[in-house]
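To start, the structure under review is shown below, and the notes come after it.
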Amino acid sequence: MTQASSGSSPYWYDTADAEARGLLDAVRGFRRADESMRQRASRDMDMNVIDLRALRYVIESEQSGTPVTPRMLTAQLDISTAATTKLVDRLCRSGHLERQPHPTDRRSVVVRATGGAHHEVRERLGSMHSRMLEIARAVPASARPAVRDFLEAMAAELAREHDDAATHVVTDAPEGRAAGAPGTAPAPVD
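Residue 101 in full-length UniProt numbering sits at position 101 of the sequence shown; the count goes up by one each step and never skips.
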């Protein structure tokens, strides 16, 4: 194991800007607390974290008037169609989701959160969300745009980093196939 060079804090950051590092430490602390809260909530609701993400997505989509298809869940959760089928089956059996005919495409179905699921989510998470709103309201109005811009920029950077890795194409794959496509060897790592 190598040590950080003198003049840099452990791992990534320049020691000169302690306030910026403090912001990043606060973001990391928030992310750890958020992950822990989601694990507790999923355990309390007797479902796994992916199931809870799916239920949250369905509820948010319903609130915006967007019907959710299993295909949309597959894309949102970045899981296979087989895993989506098992997830939807599991959440239907547990009484959190129900399948209904698609309102405009008779070949498709949508999944909707049940009244019981809405009640359970409000009961388990409602007071926490109210407290979070109070914390947000305590941020001075003049600072809110900067806080929002900072958080949006951090989210965009995390998404960009993921997108950069996902779109990295190795050019030595057989013609007509992307590296890692079925029937190709994994691309070497540089």
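From the three backbone atoms N, C-alpha and C, an ideal C-beta is built for every residue, glycine too. These figures come from a predicted structure and were not determined experimentally.
Check                                                                                     : Outcome
First through last residue of the alpha helix (DSSP H) which encompasses Pro70            : 70–77
Residue of Arg21, Val49, Ile59 minimising C-alpha distance to Thr114                      : Ile59
Secondary structure of Pro101, DSSP reduced to three states                               : strand
Inter-residue spacing [alpha-carbon to alpha-carbon] between Asp17 and Leu23              : 10 Å
Exposed unless 16 or more other CB atoms sit within 10 angstroms - verdict on Thr104      : exposed
Residues near Arg40 by beta carbon distance below 8 Å, same chain, minus five either side : none
CA nearest to the CA of Glu62, picked from Ser36, Glu98, Ala20, Ala136                    : Glu98
Bridge-paired residues (DSSP) for Arg131                                                  : Per DSSP, none; premise fails for Arg131.
Ala143 (DSSP reduced to helix, strand or coil)                                            : coil
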